[in-house]
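Chains as they are written, first to last, in the numbering used here: chain A, 331 to 1122; chain B, 514 to 795; chain C, 2 to 164.
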Amino acid sequence: MTTRSFGKAVRRTEDLRLITGQGSFTDDAGPNALSLVMVRSPYANARVVSIDVSEAEQLNGVTAILTYEDLPGRLAEPLPLLIPHPSLSAPRTQHILAKDYVRYVGQSVVAIFAADRYIGEDAAERVIVEYEPKVAVVGIDGALGPNLVHDDVPRNVAADHSEHVGDVDSALAEAPHVLELDFEMERSMGSALEGRASHATWDRHSRKLRIQNATQTPTSVRFAVANILEIPDEQVEVFAIDVGGGFGTKVIHPWPEDILTAWGAMNYENSVKFTEDRVEHFISSSHERGQRHHAKVGFDEEGRLLGLDVDFVHDNGAYTPYGMIAPLITATQLPGPYRLPNYRVRFRSVYTNTVQVTPYRGAARPHAVFTMERTMDRIAAFLGIDRSEVRQRNFIQPDEFPYDLGMIFQDGRPAIYDSGDYPEMLNKALSMIEWDSFAERRSEAPPGKRRGIGVACYVEGTGLGPYEGGHVRVETGGKIQVSTGLASSGQGHHTVFAQIVADELGVPFEDVEVVTGDTRRFQYAVGTFASRAAVTSGNAVAEAARLVKEKAIALAADALEANPEDLEIVDGQVQVKGTPVRAIPLSQVAVLANPLRYSFSEAARAATQFAGNGSFDEPPIKPGEDPGLEATGWYSPIRATFASGTHAVEVEIDLATSEVEILRYCVVHDCGRIINPLIVEGQIHGGVAQGIAGALYEQLAYDEDGNLQNASFMDFLMPYCTEIPKIEIDHLETPSPLNPLGIKGAGEAGVIPVSAVIASAIEDAEGFEINQMPLFPSDLHSMRLASGREPA
Amino acid sequence: MKPASFDYHRATSVEDATQLLSELEDAKILAGGQSLIPLMNFRLSTPPHLIDISNLPELSEIKVDDRSVTVGAAVTHTTLLKTQRVASELPLLVDAEKLVAHEVIRNRGTVCGSLAHADPAGEMTAVIRVLDGAVRTSSVDGERTIQAVDLFEGPLQSSLKENEVIVEAIFPKLGRNSLSSFREVARRHGDYAIAGAVSVVDYDDARSIASARTAFLSVGPVPILISFDQLLAKTKISDIGHDEIYEIVSSQLNPQADVHASADYRRHLAAELAWESLKACV
Amino acid sequence: MNEEMSHEIVLDVNGKVKRFSAPARRLLSDALRGDLGLTGTHVGCEHGVCGCCTVLIDDQPVRSCLTFAIAAQDRKIRTVEGLADADGKLHPVQAAFKECHALQCGFCTPGFLMTATALLEQRPDPDEEEITEAIAGNLCRCTGYQNIRAAIGHAVELMQSDI
């Protein structure tokens, strides 16, 4: 047997180039490309009265300056609405350059093509735009007020959507206890360390537009560019080699700059590059998380949920390019791991004069979990029973799968939980954090400190469709080339897909080379988001490898004069089971798979026409076969697979400073079968860190005029290592029955329950209600004063 | 985020620097650049000329004598932090330096540069204020000494004239019977403090308090000094009551709110930190 | 409008003398990446907070985005491209980052590698607090830092076993 690598902590193949400075991020290429620099709106809501570029145009090194009026053809249309939905009654997307109005600070108004970014910024300073400002609509209160973001969208409502299962009204009317609760989360953002970037080159000889883009989905960039520039798809090649973090933001294509770099490259006889700077990333990419929830929950004496009615408002910013996916995820993921016979949810997605809102890692699940888990804690507090006990009494049991929520998930298909063991997961987490003995530790808190403990559970729909594909090709040199269309931004795809292919095909891991996110290698793909890459592309490359294996065995059977059923592939050799002396290396099978007239190598002689292969009764390529030892495999899931987890945390609060210190952070995580524990744990570490950031450090603070007040890393407090504690992890593996590998997604999991679990622990420590996140020491200080629970 | 164009001048001496400063319009001094260059990258500062003094040997010295530690204008935070004699003769400087940003910024940033920058959140501004130190400046008009109390006029506003360059900062040493302590709270380690307090307590020979004062950072337009002489003279450190200190401090400070903290929280924090830092002067 | 004045700039990078002409405002980060093609040094914020652009100048880690190339002449600059041996043998810090899965997207990694290298040159046997203090000025959005810390600890072991 070839040593299996699935499940092993294999070291990453990506790392060598990245630790030696040989990575290839988008901005690394094209040092002489024209630089695209945007003039952005300083107003949140204004009419564009006039634009004067005459002085800027005079500057040496400026190639061209465009305003909306200069945009030809489809470039003048609004950008596409990527995900329409029947409930999205008033979708709005922005123009590439502002047409008459600007609706958030940071919106692109003028495009400058300059010799470099320095000169481009010089020119930007010389562009004179006259605005007529209007009242800005900021925050959910602003959206619900009298002023409008889009004059033709009444009440600022982009979408008003409801779903229900069971009969909530009766359930609540009959419930022995009913609580009404309010929970709010503020804005944050993915904030990858590499901003958005695109580098476009037009090769007029081959008539190809070649685009390197910092994207999670190169096929989206390709089809968007081809469509808007009105050129054939075949002329557009898009690839993402290294991407410096995505976290959801790099799914939302096309950005105005994607189109302008491509168009500029075709029109200015020079490649064109856009490299977003940090301020631009804050004010002109995407945000998430701003949401306000009202929940009404009915339950019995034991704390069993009888009915839940949730009404929430989602601040979608100024535009809705990604439709209403984020609030829809909140709506469908809110029930979590609990039996909820009667559930109704309604949301309104509303416009504000702020940066657009699209999914950021976790994708509106943190809000769902915050709402549900805070609700469970309140039920426990109301009845005076342990928080873990309330959860145990409500869990969907392991024998209840598949469990149909009765709702439609974000992939447009039924939300049906496929597998899991929520009671066991909670038990593991409680034992890790030593839940039962916490009272002792609480009493040992040093003077001036309070300790608290919290727990939170979640279920996460992952690995959704529509599909991904993978291609596997055995080279005559012996290397196995694998490609898949979705892109990588740190998830270790090159390693895990190699592990899968190595095992399926029976070759050493080291012989497998993976390329992701290159439309020249693989044309069809959806993208890397929704914790779907391992599930979809993983199963697709597995299928491709199985097809290659079948083909290799058929070819080898001829060469070895053996029955295909008697053959196996071990360490890259096709051999007769039990008789390894009768063997042929895969590289040689690859030679035989491609009958040749010409030989370019010693090995290839064996496949040339006088080598005596095959029978004269059949053509060299038999009917129904293709040359080459290669195959394409597809995986299209019937629906999403549901991962789950439980987090537990112990905190200590300094009563003088109100700083929250995390003493222990424990995670139990179930993503089905684990391909590579090193990588899964890395994903959890990073996710939890982002969750802690969102709970205790980060927010996006707008003033009443719609200016983002903290658009820098000095004031947007992304944590350093000094703020992130050690994270302890345990796994549970309940394989998914939905896909052959039994895997579920893991990319977003870490971030999802963090705000909920930290709120639970702070509430436990302080004794007053925590209903909002993030929570800064300043907030906690004033909440403690207001609660009257001042330190003794 | 690229700086606007400027002309670069590498000064060959302090005299050359002051000459250039007087001749060139709106020129700025570049030492470590760790405060200036971010402002230039944001184009919040667009000086047409930069005069680089970072390589001048005469500005690279730390002198320690009986009365003070004198730090030249090209001395980096790291150099000050790692100078043994400073640690033994005026440990407060080392305590403060450990809180200045991160090591990588301290490696280039200069002590005098942060004073010239006059950021009320800067640790060194509070330190020089509590020590009643001074800076020595040079210009074509000659040299002068500016006491710390007169140096800071507002947020990022110093009393330096346009043609003046700080050549050194003078930090008076504490007496044998004096102790100091620096406390601050920042949202992230290495950030500008939400509030900070640096205290000095002078004792008499009977180990009673002769004098006590605290300088605050991040709670006003300039570093603010509060004297506790009236309250604490002749008392023992163990007698310092939390509530009295808290009351004095919170009644005298009027900080601003920002995205990180409310004014009330800042005031509360400053009061708590004053108490803590005073108590730590034992 | 008038052309900006260009300067002949000479930098000593990874032991090699490099000449190019650029305006005075050219940031060292941009000079390394654009003028010298050393794109291993990354630019994440351009205001000195994230640490992606960290290089060593005279063996000390500094932000290349807060340094003008023209002012870095006469100094010894080291970048991530200079860490491994000429024959490709990885520096222990590099090897440890790979072994401990201390990177995901790899964008912040060069800054961490340079910072850690300087730490271990100054303090060959740092304790955990010193490791934390040294990398406390570098942001990573992917890893949660746990494996980065572990990697620096592992690099210490590798360096000691190398002797």
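We treat Cβ as the ideally placed atom computed from N, Cα and C, and that holds for glycine.
In this text the structure is predicted, and so the values were computed from the model without any measurement.
Between the CA atoms of residue j and residue i - distance to the nearest angstrom
| i | j | result |
| --- | --- | --- |
| ARG433/A | ALA1023/A | 28 angstroms |
| VAL495/A | GLY337/A | 39 angstroms |
| ASN325/A | GLU493/A | Limits of chain A in this structure are 331 at one end and 1122 at the other, which puts residue 325/A out of reach. |
| THR846/A | LEU835/A | 19 angstroms |
| ALA544/B | PRO516/B | 17 angstroms |
| ASP59/C | LEU120/C | 13 angstroms |
| LEU605/B | ALA682/B | 15 angstroms |
| THR423/A | LEU84/C | 47 angstroms |
| THR638/B | ILE1014/A | 42 angstroms |
| HIS624/A | PHE972/A | 26 angstroms |
| ALA933/A | GLU730/A | 57 angstroms |
| THR350/A | PHE108/C | 12 angstroms |
| VAL772/B | LEU786/B | 21 angstroms |
| VAL904/A | THR549/A | 36 angstroms |
| ALA936/A | VAL921/A | 7 angstroms |
| ALA1122/A | THR987/A | Legend: pLDDT at ALA1122/A = 46, less than 50; position of this residue unreliable, value from coordinates given subsequently. Each residue's Cα considered, the two are about 15 angstroms apart. |
| LEU298/A | ALA872/A | Residue coverage of chain A in this structure runs from 331 to 1122, which leaves residue 298/A outside it and unanswerable. |
| PHE1098/A | VAL643/A | 25 angstroms |
| ALA1025/A | ALA725/B | 39 angstroms |
Residue i at chain B interface by Cβ criterion, 8 angstroms
| i | result |
| --- | --- |
| GLY138/C | yes |
| TYR1050/A | yes |
| ARG26/C | yes |
| LEU67/C | yes |
| THR80/C | no |
| PRO111/C | no |
| ARG20/C | no |
Cutoff 8 angstroms: residue i Cβ touching any chain A Cβ
| i | result |
| --- | --- |
| ARG701/B | yes |
| HIS781/B | yes |
| ASN148/C | yes |
| GLY47/C | Residue identity differs from the one stated: residue 47/C is Glu in this sequence, not Gly. So yes, GLU47/C belongs to the interface. |
Helix, strand or coil at residue i according to DSSP, with G and I counted as helix
| i | result |
| --- | --- |
| ALA1122/A | Residue placement at ALA1122/A cannot be trusted, given a pLDDT of 46 that sits under 50; the coordinates are not used to answer. |
| LEU1030/A | coil |
| GLY38/C | coil |
| MET706/A | helix |
| LYS626/A | strand |
| GLN147/C | helix |
| VAL435/A | coil |
| ALA682/B | strand |
| GLN939/A | coil |
| LYS611/B | coil |
| GLY585/B | strand |
| GLN670/B | strand |
Closer than 7 angstroms: residue i CB and nearest the ligand NAP heavy atom
| i | result |
| --- | --- |
| PRO957/A | By its list of ligands, the structure shown contains no ligand whatsoever, and the ligand NAP lies outside what it can speak to. |
Residue i at chain C interface by Cβ criterion, 8 angstroms
| i | result |
| --- | --- |
| LYS580/A | no |
| HIS590/B | no |
| PRO728/A | no |
| SER518/B | yes |
Inset, instruction - Evaluate contact between the segment 538-547 of chain A and the segment 560-569 of chain A, counting only Cβ atoms and requiring at least three cross-stretch pairs below 8 angstroms. - result: Of all C-beta pairs linking the segment 538-547 of chain A to the segment 560-569 of chain A, three or more are shorter than 8 angstroms, placing the two stretches in contact.
Inset, instruction - Count the C-beta pairs between the segment 600-614 of chain A and the segment 634-642 of chain A that are closer than 8 angstroms, then say yes if the count reaches three, no if not. - result: no
Legend entry - Every unbroken alpha helix (DSSP H) inside the segment 973-1049 of chain A [4 residues or more]: 1007-1022
Inset, instruction - Note down, one range per segment and in chain order, each beta strand (DSSP E) of at least 3 residues found wholly within the segment 886-931 of chain A. - result: 897-900, 903-906, 909-915
Legend entry - Three-pair Cβ contact test at 8 angstroms for the segment 471-480 of chain A versus the segment 394-404 of chain A: no
Inset, instruction - For the segment 758-792 of chain A, list the alpha helix (DSSP H) runs that are entirely contained and at least 4 residues long, ordered along the chain. - result: For the segment 758-792 of chain A, whole alpha helix (DSSP H) runs of length 4 or above, ordered along the chain, are 768-773.
Inset, instruction - State whether the segment 657-667 of chain A contacts the segment 1041-1061 of chain A, with contact taken as three or more CB pairs (one from each stretch) at a distance under 8 angstroms. - result: no
Legend entry - the segment 50-59 of chain C in contact with the segment 74-83 of chain C per 3-pair CB rule at 8 angstroms: yes
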